[in-house]
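Asker: Note that the numbering used here gives residue 221 to position 221 of the sequence shown, counting from 1, and the numbers run on in steps of one.
Just so you know, even glycine gets a beta-carbon here, dropped at the ideal spot from N, CA and C.
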Amino acid sequence: MRIPYLSLQKVTAQHQDEIEAAVKQVIESGWYLQGEATRRFENDYARFIGTQCCVGCGNGLDALTLIFRAYKELGKLRNGDEVIVPANTYIASILSITENGLKPVLVEPRIDTLELDYSQLETHLSDRTRAVLLVHLYGRCAMTQQVADFCHRRHLLLIEDNAQAHGCMYGGRRTGSFGDAAAHSFYPGKNLGALGDAGAITTDDASLADLCRALGNYGSSRKYVFPYKGRNSRMDEIQAAVLSVKLRYLDTDNRRRWQIATYYAQHISNPKITLPGAEAWMCGDVNHVFHIFPVLCACRNELQEYLKQKGIGTMIHYPIPPHQQECYPEWHSLSLPITERIHREELSIPCNQTMTDEEVRYVVDVINRFEK
Ligand SMILES: *Cc1c(COP(=O)(O)O)cnc(C)c1O
Numbered sequence: 001m002r003i004p005y006l007s008l009q010k011v012t013a014q015h016q017d018e019i020e021a022a023v024k025q026v027i028e029s030g031w032y033l034q035g036e037a038t039r040r041f042e043n044d045y046a047r048f049i050g051t052q053c054c055v056g057c058g059n060g061l062d063a064l065t066l067i068f069r070a071y072k073e074l075g076k077l078r079n080g081d082e083v084i085v086p087a088n089t090y091i092a093s094i095l096s097i098t099e100n101g102l103k104p105v106l107v108e109p110r111i112d113t114l115e116l117d118y119s120q121l122e123t124h125l126s127d128r129t130r131a132v133l134l135v136h137l138y139g140r141c142a143m144t145q146q147v148a149d150f151c152h153r154r155h156l157l158l159i160e161d162n163a164q165a166h167g168c169m170y171g172g173r174r175t176g177s178f179g180d181a182a183a184h185s186f187y188p189g190k191n192l193g194a195l196g197d198a199g200a201i202t203t204d205d206a207s208l209a210d211l212c213r214a215l216g217n218y219g220s221s222r223k224y225v226f227p228y229k230g231r232n233s234r235m236d237e238i239q240a241a242v243l244s245v246k247l248r249y250l251d252t253d254n255r256r257r258w259q260i261a262t263y264y265a266q267h268i269s270n271p272k273i274t275l276p277g278a279e280a281w282m283c284g285d286v287n288h289v290f291h292i293f294p295v296l297c298a299c300r301n302e303l304q305e306y307l308k309q310k311g312i313g314t315m316i317h318y319p320i321p322p323h324q325q326e327c328y329p330e331w332h333s334l335s336l337p338i339t340e341r342i343h344r345e346e347l348s349i350p351c352n353q354t355m356t357d358e359e360v361r362y363v364v365d366v367i368n369r370f371e372k
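#1: Note down the Cα distance separating Leu157 from Asp204, rounded to an integer number of angstroms.
#2: Determine the closest residue to Gly193 out of Ala241, Phe150, Lys229, Tyr224, with distance taken between C-alpha atoms.
#3: Less than 8 Å between the beta carbons of Glu345 and Leu296, yes or no?
#4: Report yes if the C-beta distance between Leu380 and Asn352 is below 8 Å; otherwise report no.
#5: For ligand 1, is there any heavy atom lying closer than 7 Å to the beta carbon of Gly199?
#6: Note down the Cα distance separating Phe370 from Ile268, rounded to an integer number of angstroms.
#7: Mapping the DSSP letters down to three states, classify Met235 as helix, strand or coil.
#8: When the Cα atoms are used, what is the spatial distance from Gln120 to Phe226?
#9: Shorter than 7 Å, the distance from the beta carbon of Ala182 to the closest heavy atom of ligand 1, or not?
#10: Under the three-state reduction of DSSP, which class applies to Ala200: helix, strand or coil?
#11: Given this structure, state the Cα-to-Cα distance separating Leu334 from His323, to the nearest angstrom.
#12: Do Asn191 and ligand 1 come close, with the Cβ less than 7 Å from some heavy atom?
#13: Pull up the distance between the alpha-carbon of His343 and that of Arg300, whole angstroms please.
#14: Output needed for Arg69: all residues of its chain with C-beta closer than 7 Å, excluding positions within five of it in sequence on either side, in chain order.
#15: Would you check if the segment 210-224 and the segment 310-320 touch, i.e. whether three or more CB-CB distances between them fall below 8 Å?
#16: Does the beta carbon of Thr339 fall short of 7 Å from some heavy atom of ligand 1?
#17: Determine the DSSP secondary structure at Arg60, reduced to helix, strand or coil.
#18: When burial is assigned at 16 or more other CB atoms within 10 Å of the CB, is Met235 buried or exposed?
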């Protein structure tokens, strides 16, 4: 059997007719930017997430960057202000902070959840701390009462990076509706993916939304008038039309991911492999949309090679932590042992709505027979 990590061809094929019809309609309309399809998707997605506003933009990194930039324009953030962020996030979360002249404060995750270790928030606080960038990494909701209380008590902005957790719920609300603002990526491989790059910002703050929209439109909200030095980052009509189709199936797709993840958690029994956080989400304490199904294994590279031999595609999220990247030499002396261990031991196994029951059983059988 051959099981790719993720076949985007199969993902698209599930709704190909509807997607093609939506794309054709845009092509024939002759209107390709800032039109009806984008407005419709923004409304659909705001309603889905449960926020007052949604602003489409070019990609997830731009969504994050525009939020921080807007808070700087509003005077709520200044150069050199500190933003608390999980040390094991994807680099884009951190790029959006440094791009704006702000200072990321890297906080270790917990090894049993792979999410931010809330008990370390207070010790990382300084008189320059102004915001927390909460990342729902791998699709697992990272929002807790503890985070809400911490931000409230310290008057910090709470910004969510929801690039991996579209549709995830906590206490009856969707991730992306908890903070002051949230960034979403529709990179093709995400749970809600476009046929190219796209992103969005959600918020209840209409003036923040207007500002983000202007900043993503050269700094202008009125033609040829430029109050800000902006950039060009807009969602295009074709992507918006595709996303409106795919949004209708997101909850169903996420339920299938949940089924597969539950099967993995109940049947993967190889003592060399741990499934971080499985107890919590299995008993419903935490919600999870399994953008990524991470396993930890001390001999990760051997496991990956073994699965490859058996026809099973895997990925590593991520092989090098941000503080060891070449672009951040200032952090090379930092020691973040939990983050470093995750980057050494993490392996992502296939978990998506295109998989058949037979494929899921095959993955489990093969993993359980791994020995080294
Ligand atoms: C994918 C991703 C981003 C960036 O989104 P793009 O659309 O690829 O720019 C940001 N943060 C996280 C956590 C991501 O996984």
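Answerer: Reading off the structure:
#1: Locating residue 157 in the sequence shown gives position 157, counting from the first residue. Locating residue 204 in the sequence shown gives position 204, counting from the first residue. Approximately 13 Å, taken between the alpha carbons.
#2: For the purposes of this step, residue 193 is taken as residue 193 along the sequence shown, with counting starting at 1. Distance from the Cα of Gly193 is smallest, within the candidate group Ala241, Phe150, Lys229, Tyr224, for Ala241.
#3: By one-based count along the sequence shown, residue 345 stands at place 345. By one-based count along the sequence shown, residue 296 stands at place 296. For the pair Glu345 and Leu296, the CB atoms are nearer than the 8 Å cut-off.
#4: Since the displayed the chain opens at 1 and closes at 372, residue 380 lies outside it and no answer follows.
#5: Within the sequence shown, residue 199 is the residue found at index 199, counting from 1. Under cutoff, so the answer is yes.
#6: Locating residue 370 in the sequence shown gives position 370, counting from the first residue. Locating residue 268 in the sequence shown gives position 268, counting from the first residue. About 11 Å.
#7: Residue numbering aside, residue 235 sits at position 235 when the sequence shown is read from its first letter. DSSP places Met235 in coil when its eight states are reduced to three.
#8: Your numbering for residue 120 matches position 120 in the sequence shown. Your numbering for residue 226 matches position 226 in the sequence shown. Distance between the alpha carbons of Gln120 and Phe226 is about 42 Å.
#9: Taking the first residue of the sequence shown as 1, we reach residue 182 at position 182. False, no ligand heavy atom lies under 7 Å from that Cβ.
#10: Working through the sequence shown from its first residue, we reach residue 200 at position 200. In the structure shown, the three-state DSSP call for Ala200 is strand.
#11: In the sequence shown, counting from the first residue as 1, residue 334 sits at position 334. In the sequence shown, counting from the first residue as 1, residue 323 sits at position 323. About 7 Å.
#12: For the purposes of this step, residue 191 is identified with residue 191 of the sequence shown, where counting begins at 1. Result no, Cβ not under 7 Å from ligand 1.
#13: Against the sequence shown, residue 343 aligns to sequence position 343. Against the sequence shown, residue 300 aligns to sequence position 300. Those two C-alpha atoms are separated by around 10 Å.
#14: Locating residue 69 in the sequence shown gives position 69, where the first residue counts as 1. Taking C-beta separations shorter than 7 Å and ignoring five residues to either side along the sequence, the partners of Arg69 in its chain run Asn100, Leu215, following chain order.
#15: Look at the beta carbons and you see the segment 310-320 not touching the segment 210-224: under three pairs across the two are nearer than 8 Å.
#16: Here residue 339 refers to the residue found at position 339 of the sequence shown. Not so, every heavy atom of ligand 1 lies at least 7 Å from the Cβ.
#17: On the sequence shown, position 60 is the one that residue 60 refers to. A quick correction: the sequence has Gly, not Arg, at residue 60. In the structure shown, Gly60 adopts helical secondary structure according to DSSP, grouped into three states.
#18: Against the sequence shown, residue 235 aligns to sequence position 235. Under this definition Met235 is a buried residue.
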